[in-house]
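Numbering (the working numbering), first residue to last: 33 to 670.
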């Protein structure tokens, strides 16, 4: 890293300064300034300091003194050493019987011995400002001086007064000043790095950190301490600890006694902390105290996470709300509502038929919530018998039943702590488990099977069902109080038959998993699938559509069909699926010759024509009407 120096010199010494600075090589970046007034030098120095363009200033005489008063960066002055002084006096003796040595501020002491040494009168004069300098030179001239020894400014003014000026500085002075400036810059850089490192430790520590001096006044108060105590560092710094945190803090007596205390629970404000404090001892004397503390609730949550870490490995949500496919108003409304629900921590009840994506939405809500870094635990309440489901949900203690794991096992509610638990098919729970679940939702506590202690859990519950729970409550098969606990935020997912316009996008997305190239080629043609898809109720919803698309991808694998041929193959496969499903197209009985449910709508006729691959005779046969009737209805609709 290059050291940046600003050297305020004078035209008389600029050349020497530039040559000496070059001796230090590329490690030094120099801004050399001359021919400026003192006020201009100060303004320039302040500007460079504000821009962080300079590390150290170097100057001599009056400039150096004024800069030290005007900037906070280090200022190094050219130093007058004995050899330079003697050399200057020796040169001036050849020009003047009296040799004044003129310096800024204070006159040099000890020049009487120099007078005896050189057997010449040597005067020590000083000036306090540039305006005062001509007066001092005039005084020296009246005393018989024809030459003066001093800085470059003194030499310039002496020449203007008709006197000889002898420069008091040498190359050695310049070299020494620049070397000192480099050392000072390096030391300052180390100090800045140490301060920044210390600040980073304080700012990013998980604990509150407070330090006091020997008078008990706060000298360090980091951001975590601000958060826990509820007092800003600006308000706390310089105050006594009891003034900042309150006299009722149980830490105060122990700190006043200058005792060492580790990992003890204390109360600060309204909360509890786990605190440690030690005195700062310098040469056997206590010079203050360092206090560290953590929010007890944070420590408890950390312990809970550690407890379930090994068990919760892999319990993550893969999908986000961005993974939900569809542009229809119904699905967009569901996505928007789910995004709003993710911002709060309330229980969510997702209603939807089989295959509508209930778990996909549950995972999306979890990943959009503040719990996204916690586990996502899903269980299908209809997949396990009651006894096994109970132990899975709530866990069990060692010896709770034959074959119980040694040490017991945490339940899914424990594993989901600080995260989300997704209870799919909640309507299938037995009355006994409904009662236990109600207790968990009310108290946020679980008791393991065979256990005698309650375990607090911090978990968000998302439940899902394909049943009408209100009807189940009316029929007495589902607890009314549990229903109201679950039905806080309701999310109803539309079935596929109500979002048929999403079928092309769904088909493309699903097909892309198996054959990305074919999916891209078919994209412009997939709109033709909609009329055929509209003829069917899709009881399995998106999951059923996935099966059809996967079947299509497998059957055409390795073939060389054109996109249009592939589309015809897909439409045929959809028709075969509908015909073989045992479910009649919407509004169609499926039995030729029946008149009770014969379609009268031209739209229904067009759908059947599309289902029959454009064969109007086949469409008329399936509808149970004559070809003449079919043609007539189509003409009438034009």
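Just so you know, even glycine gets a beta-carbon here, dropped at the ideal spot from N, CA and C.
How far does the alpha helix (DSSP H) with residue i in it reach, from first residue to last?
i	result
residue 399	390-399
residue 147	143-150
residue 660	659-668
residue 124	114-125
residue 472	463-475
residue 140	Careful: residue 140 lies outside any alpha helix (DSSP H) and carries neither H nor E.
residue 518	512-518
residue 507	Premise fails: residue 507 is in no alpha helix (DSSP H) and is neither H nor E.
residue 83	Note, residue 83: premise wrong, no alpha helix (DSSP H); not H, not E.
residue 444	444-447
Along the beta strand (DSSP E) that carries residue i, what are the first and last residues, could you check?
i	result
residue 303	303-314
residue 295	293-300
residue 109	107-109
residue 36	35-40
residue 62	60-65
For residue i, which residues from the same chain have a beta carbon less than 7 Å from its beta carbon, with the 5 sequence-adjacent residues on both sides left out?
i	result
residue 566	532, 639
residue 176	129, 130
residue 547	585
residue 673	Outside the modelled stretch of the chain, which goes from 33 to 670, sits residue 673, for which no answer is possible.
residue 159	134, 136, 165, 168
residue 421	413, 465
residue 477	486, 487, 488, 489
residue 49	39, 41, 64, 206
residue 295	306, 308
residue 353	367, 370, 371, 396, 400
On the three-state DSSP scale, how would you describe residue i?
i	result
residue 229	helix
residue 95	helix
residue 452	strand
residue 680	The question about residue 680 has no answer, for the chain in this structure spans 33 to 670.
residue 502	helix
residue 357	coil
residue 46	helix
residue 650	helix
residue 52	helix
residue 376	coil
residue 90	strand
residue 427	strand
residue 481	strand
residue 417	coil
residue 407	coil
Give the DSSP bridge partners of residue i, in chain order.
i	result
residue 221	Paired residue(s): none; residue 221 is not in a bridge.
residue 154	131
residue 259	Answer is none; residue 259 lacks a bridge partner.
residue 325	240, 307
residue 320	245
residue 492	452
residue 272	249
residue 524	383
residue 167	According to DSSP, residue 167 bridges with nothing at all.
residue 412	456
residue 159	136
To which residues of the same chain is residue i closer than 8 Å at the C-beta, ignoring the five residues directly before and after it?
i	result
residue 667	none
residue 17	Residue 17 cannot be examined here, being either before or after the span of the chain that is shown, 33 to 670.
residue 659	648, 649, 652
Within the same chain, show all residues whose beta-carbon is closer than 6 Å to that of residue i, passing over the 5 residues directly before and after it, in chain order.
i	result
residue 323	242, 309
residue 691	Residue coverage of the chain in this structure runs from 33 to 670, which leaves residue 691 outside it and unanswerable.
residue 385	498, 527, 573
residue 473	517
residue 281	300
residue 522	381
residue 440	428, 429, 430
residue 609	580
residue 277	261, 300
residue 602	584
Compute every distance between the C-beta of residue i and the non-hydrogen atoms of the ligand FAD, then say whether any falls below 7 Å.
i	result
residue 285	Because no ligand of any kind appears in the structure shown, any question about the ligand FAD cannot be addressed here.
Please decide whether residue i counts as near chain C, where near means a Cβ-Cβ distance under 8 Å.
i	result
residue 647	Of the protein chains in this structure there is only one, and it is not chain C.
Subject >> Minimum length 4: unbroken alpha helix (DSSP H) runs contained in the region 539-625 >> reply: Considered as a whole, the region 539-625 harbours 548-554, 561-566, 573-587, 595-612 as its complete alpha helix (DSSP H) runs of no fewer than 4 residues, in chain order.
Original post:
Which residue spans inside the region 172-226 form an unbroken alpha helix (DSSP H) run of at least 4?
Top reply: For the region 172-226, whole alpha helix (DSSP H) runs of length 4 or above, ordered along the chain, are 184-192.
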